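Residue numbers (the numbering used here), protein chains in the order written: chain A, 1380 to 1582; chain B, 1380 to 1582. C-beta: ideal position from N, C-alpha, C; glycine also. None of the values given here were measured: they were computed from a predicted structure. Working notes for the structure below.
Number of protein chains: 2
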Amino acid sequence: MTRALTRKGEATRARIVAGAAAEIRERGVDEVRLEDVMAHTGTSKGQLFHYFPDGKEGLLLAVAQHEADQVLIDQEPMLSNLTSWPAWLAWRDRLIERYLAQGVKCPLNGLLGQTGRRAPGAQAIVTGLMWRWQTAITEGIRHMQSTGDIDPDLDADRAAAALLAGIQGGVLLLLSTGKIDHLEAVLDLTIDSLRAGARTGGS
Amino acid sequence: MTRALTRKGEATRARIVAGAAAEIRERGVDEVRLEDVMAHTGTSKGQLFHYFPDGKEGLLLAVAQHEADQVLIDQEPMLSNLTSWPAWLAWRDRLIERYLAQGVKCPLNGLLGQTGRRAPGAQAIVTGLMWRWQTAITEGIRHMQSTGDIDPDLDADRAAAALLAGIQGGVLLLLSTGKIDHLEAVLDLTIDSLRAGARTGGS
DNA sequence: CGGTTTCTGGACTTGCGGGTCCATTTTTGC
DNA sequence: GCAAAAATGGACCCGCAAGTCCAGAAACCG
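In structure tokens:
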């Protein structure tokens, strides 16, 4: 049933999603009109509603999923290979570099709150993104515990939760203040803290 | 010049701001129509534009300021008295309790991104809030350093930045997932980390 | 090929909600 | 008490952008 898209159709659909995503990143969800998407992607209103029968709602949902996936892809291959301290630092550097580059034009900004309100399903997309993100961090910590680089008594899930929250807050503050300082501080201090109780262990 | 409000006028204005704030907390910025504010506060359109000549823009700005102030007030008197470990824990408990209670109905949700887009000045309000918040935390850390409860070599500003980011992210994740776990993890792990290098001193 | 489906373009409708206006009532200050 | 200023109520306007519709072009498939 989802079948019914020709080659050309699929290409157009993808073009719409990518274009809309870019437009939203640039100017914010509620500043982007369907008309803007049309202009930016060279499509007509008929096409928009052909590919997204639910209108803006559906389009926003597709964009949200697209952006959520991108957030994790941008952290690869580092995020899936947190197997040594240099690897952790490389990941840290990638995050800083990534968010410094995009500055205020953050996909999360569109996802959180804004998209969340409009599209009910967007909430699920955000939750899914956070879950995958945190899981990857947890696995990294577990691996380091298995090699003795992190205290095995540490609650990996809890530590990953705290780190993820720190990152989210750091990005949030980057959006508000324009400074990367918070994100840097969180990453550096948290990673240092993880290194602290290495094989010396204990209370 | 700002003078021109009678007793009654000031009361009405305050009623509008408080009512609009409540409405926005409940249903989100872009779900709240001027009409809703009117119904909820028992006012007419004429009044709204009488007190907020800039229309919705101005009203939103006033609401944002009101909510920003409230966020800090809700943390008092703990936030301004981080002078012992029990005090820190009391502050921690207040935060958890506060956010657990309000759950998804978070003023920040309205402030960040949403209001920020619409009202240019809202950005400044958020920045101001974060600055005041972080300053209070920094002072708490400095005080603990002066009593020897925290390693004096620690960069208080940086640590406060990280903690603030963690809190923001924790709240963000509370909004997304409905779980308080992230916020708890951040507070507990960060405070533990601050306690760690007490008077034993650094490396 | 030729019938069928999908794709594309764009004119048109519609409803919502912010903003304007002014007439009336209440308060203020002398 | 009385003019001036502020407060109130609500009818009206108006633009915008989402959504509808359909006719024609292109692509698919046997």
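Listed along chain A are 1544, each with a C-beta nearer than 8 Å to that of residue 1562 (chain B). The Cβ-Cβ distance between residue 1486 (chain B) and residue 1449 (chain B) falls below 8 Å.
In summary, residue 1463 (chain A) is exposed, with fewer than 16 beta-carbon neighbours lying within 10 Å of its beta-carbon over all protein chains present. With a cut-off of 8 Å on Cβ pairs, the segment 1555-1570 of chain A is in contact with the segment 1503-1518 of chain B, counting three or more such pairs. In the DSSP assignment, residue 1437 (chain B) falls within the unbroken alpha helix (DSSP H) covering 1435-1452. Within chain A, no C-beta atom comes less than 9 Å from the C-beta of residue 1401 (chain B); the nearest is roughly 17 Å away. With 16 or more other Cβ atoms from the protein chains shown falling within 10 Å of its own Cβ, residue 1519 (chain A) counts as buried. Within a 10 Å sphere around the beta-carbon of residue 1526 (chain B) sit fewer than 16 other beta-carbons, which makes this residue exposed. Rounded to whole angstroms, residue 1439 (chain B) and residue 1488 (chain A) show a C-alpha spacing of 19 Å. Inter-segment contact for the segment 1420-1439 of chain A and the segment 1471-1482 of chain A is absent: fewer than three beta-carbon pairs are separated by less than 8 Å. By the neighbour-count criterion, in which 16 or more other beta carbons inside 10 Å mark a residue as buried, residue 1455 (chain A) falls on the exposed side. Boundaries for residue 1409 (chain A): no alpha helix (DSSP H) harbours it, and the DSSP string shows neither H nor E there. Residue state for residue 1383 (chain A) is assigned as coil, using DSSP reduced to three classes.
For the 8 Å CB-CB criterion, residue 1447 (chain A) and residue 1504 (chain A) form a contact.
Contacts with chain B at 8 Å (Cβ-Cβ) do not include residue 1391 (chain A). Contact with chain A is absent for residue 1385 (chain B), since none of that chain's Cβ atoms lies less than 8 Å from the residue's Cβ. Contact with chain A is found for residue 1572 (chain B), since one of that chain's Cβ atoms lies less than 8 Å from the residue's Cβ. Residues of the segment 1517-1540 of chain B with a C-beta atom less than 7 Å from some C-beta of chain A are 1537, 1538, 1540, listed in chain order.
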